[in-house]
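In the working numbering, each residue carries its 1-based index in the sequence shown increased by 12. Ideal placement from N, C-alpha and C gives every residue a C-beta, glycine not left out. Model, not experiment: these values are computed from the prediction. These notes concern the structure reproduced below.
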Amino acid sequence: MAFPNGAGGYQVGSGNLSEVILGYENVPLSAAATATLSAAQVTSGILIVGSGATAAQTYTLPSATLIDAVVSSAKVGSTFDLFVVNIGTSSGTGALAMGSGTGFTDGGNATVALAITSSGMFRFRKTGDGAWTVYKVA
């Protein structure tokens with residue numbers, strides 16, 4: 013239960029600082045081959061790419077308007093994160109064209125090659141109707 017404190021914040025749990033903070037994650041979605049990602053894949057939280065791939069794969073964002081339809085309560089400044097995990101083998105590098113979908117802007121290193129057995133974290137920030145900026149943050 014959230015307790016108002018008069019400062020616009022809230023307290024999670026009973027205030028025990030050593031208490032584990034739990035979240036919830038759906039089963040990760042995947043994309044095995046070169047594709048334009050769906051809005052569901054982009055907003056899934058974790059995306060597994062390159063399963064069984066032995067050659068480079070390229071993944072492109074859908075239009076920002078499709079993301080707006082899935083995240084309809086987002087306002088300017090709203091964010092969400094996507095962790096992309098490349099499980100490709102051999103030379104299965106994943107080329108992530110995260111700044112290339114219609115309505116997306118590359119905020120910094122969003123278009124990258126993601127080596128096999130590595131991962132990347134991307135933050136999506138709404139900047140307007142049908143407009144998002146993508147940042148590679150890790």
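Within the same chain, show all residues whose beta-carbon is closer than 7 Å to that of residue i, passing over the 5 residues directly before and after it, in chain order.
i: Q53; result: L41, A43 and L59
i: S50; result: P74
i: T91; result: R135, F136 and R137
i: G115; result: S75, A76, T77, G142, A143 and W144
Using the Cβ count rule (16 or more neighbours within 10 Å means buried), how would you classify residue i?
i: N17; result: With a pLDDT of 49 at N17, under the threshold of 50, the predicted position of this residue should be treated as unreliable, though the coordinate-derived value follows. The residue is exposed, with fewer than 16 neighbouring Cβ atoms inside 10 Å.
Starting from the C-beta of residue i, find all residues in its chain whose C-beta is less than 6 Å away, skip the five residues before and the five after it, and write them out in chain order.
i: G100; result: G62, A65 and I128
i: V149; result: M133 and R135
Report the rounded CA-to-CA distance for residue i versus residue j, giving the unit in angstroms.
i: L73; j: G35; result: 26 Å
i: V32; j: S131; result: 25 Å
i: T105; j: T55; result: 22 Å
i: I79; j: G113; result: 11 Å
Considering only residues of the same chain and omitting the five flanking positions on each side of residue i, which have a CB-CB separation below 8 Å?
i: T117; result: G111, T139, A143, W144, T145 and V146
i: V124; result: A107, L108, M110, G132 and K148
Give the list of continuous beta strand (DSSP E) stretches no shorter than 3 residues that lie fully inside the segment 49 to 85. If we require 3 residues or more, the beta strand (DSSP E) runs fully inside the segment 49 to 85 come out as 58 to 61 and 69 to 72.
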